[in-house]
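Participant: Sequential numbering of the sequence shown, starting at 154, is according to our numbering.
Every residue gets a Cβ at the ideal spot worked out from N, C-alpha and C, and that includes glycine.
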Amino acid sequence: MGQLDLRRLRLLRELRDRETVTAVAAALHMTSSAVSQQLAQLGREVGAPLLEPHGRRVRLTPAAELLLRHADLLFEQLEQAQTEIEAYVAGAAATVRVDCFATAISKLAVPAMRRLAVTEPTLTFQIHEANTEEALDRLLRGETDLVIGLDGDVRVDDPRFGRRPLLIDPMDVALPAGHPLVDKPIQLADLAADPWILPPGGLCRDVALRECAVAGFTPRAAHTAENYDAVFALVRAGLGVAMVPRMCASDPGPDMVVRALRAEQPRRQVVLFTRRAGDRVPYMRAVVGALEQTAETFSAA
């Protein structure tokens, strides 16, 4: 076996994760033929074919699966070395990049940064708003250091990520202030006839549809909105009801009431994702600790 090219090894890992050459090419801004050529060259370096035809696509050979098991360990070690070298060069000062969904910026990331401004004053931060899938791609590419995300079916078994549960965020219902049920215990089935405001996609929409189905109805989507300021404006105008994360509705304001459900308690889990070697230096442990403390404070509120 000849000397292996790490860039080609990364391409092979991308193919495992994205399943098609076309998807790899699109993600890495390459042509499909360039990806195929690089993988073919890697096969020549290894001395065994790494891809085989599978219908109109290709799939990994047993040799490729074997190589990837070693590649994952190799990249984890390289990442650890890079992290420790960066920490050594930075000394006490470092910049930590954090990707998170919108609500987590105000509820978790900013309060944690305020804590760290006292305990770790030389640290600086770069916050990037992103959905969990996008943020995990950036984490793998080394474009961010930590991801505060939502744990649905997102790469649950991916061994390259460390996962730390931060908090359970209950899903409540938001009602217009004049709704006849605002002063009564509420079950989802009580809202079957109401117009609903639903997100256009994503985990929160999935949770709402699933829980309503369990309650025996399909919600009538009168409006769709992803931004919760827009959702709350629609609710306050009396245009529908909505299932909302408690993190987003901790201060409902006028003309809207937020109620916990009497029997069901839908929820979503907020998770801190790191690369496997991503929290092995002191300043990263400090950031993780501050986020965990902030999450505990929020959960106790």
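(1) Three or more C-beta pairs under 8 Å: does that hold for the stretch 388-402 against the stretch 323-331?
(2) Would you identify the three-state DSSP class for A179, choosing helix, strand or coil?
(3) What residues in its chain sit with their C-beta under 6 Å from that of V411, if we drop five residues either side in the sequence?
(4) Helix, strand or coil for H332 per DSSP?
(5) DSSP three-state call for M400: helix, strand or coil?
(6) Specify, as a first and last residue, the run of the alpha helix (DSSP H) that V188 falls within.
(7) Are the CB atoms of T297 and D252 nearer to each other than 8 Å?
(8) How is P323 classed by DSSP in three states: helix, strand or coil?
(9) So F426 and G302 are supposed to be a Cβ contact under 8 Å. How far apart are they, rounded?
(10) For S185, which residues in the same chain have their Cβ closer than 7 Å to its Cβ, ignoring the five residues on either side in sequence?
(11) What residue from A443, E286 and I258 has the CA that sits closest to I280's CA?
(12) Do A180 and E167 have their beta-carbon atoms positioned less than 8 Å apart in this structure?
(13) Examine the ligand HEM and report whether any of its heavy atoms sits within less than 7 Å of the Cβ of L165.
(14) Counting only runs of 3+ residues fully inside the stretch 330-397, write out the beta strand (DSSP E) ranges in chain order.
(15) How would you label T447, buried or exposed, when you count the other beta carbons within 10 angstroms and need 16 or more for buried?
(16) How many angstroms separate the CA atom of P318 from the CA atom of V424?
(17) Could you have a look at Q426 and say whether DSSP puts it in helix, strand or coil?
(18) Can you give the Cα-Cα distance for F385 and R358, rounded to whole angstroms?
(19) Whole-angstrom Cβ separation of P348 and G393, contact assumed at under 8 Å?
(20) Going by the CB atoms, is the gap between E232 and R438 shorter than 8 Å?
(21) Suppose contacts are defined by Cβ-Cβ distances below 8 Å. Is E282 in contact with A255 by that definition?
(22) Hey, quick one: how far does the alpha helix (DSSP H) through P206 stretch, first residue to last?
(23) Let me confirm a value: R222 is counted as buried when at least 16 other C-beta atoms fall within 10 Å, else exposed. Which label applies?
(24) Express the C-alpha separation of I350 and L341 in angstroms, rounding to a whole number.
Facilitator: According to the structure data:
(1) yes
(2) helix
(3) D325, A327, A402 and P405
(4) coil
(5) coil
(6) S185 to V199
(7) yes
(8) strand
(9) 6 Å
(10) V174, T175 and A178
(11) I258
(12) yes
(13) Only the bare structure without any ligand can be found here, which leaves the ligand HEM out of the picture.
(14) 348-351 and 373-377
(15) buried
(16) 4 Å
(17) Note on identity: in this sequence residue 426 is Phe, with Gln being the wrong assignment. F426: strand per DSSP, three-state reduction.
(18) 16 Å
(19) 4 Å
(20) no
(21) yes
(22) First-last for P206: L204 to H207, but that is the beta strand (DSSP E), not the alpha helix (DSSP H).
(23) exposed
(24) 14 Å
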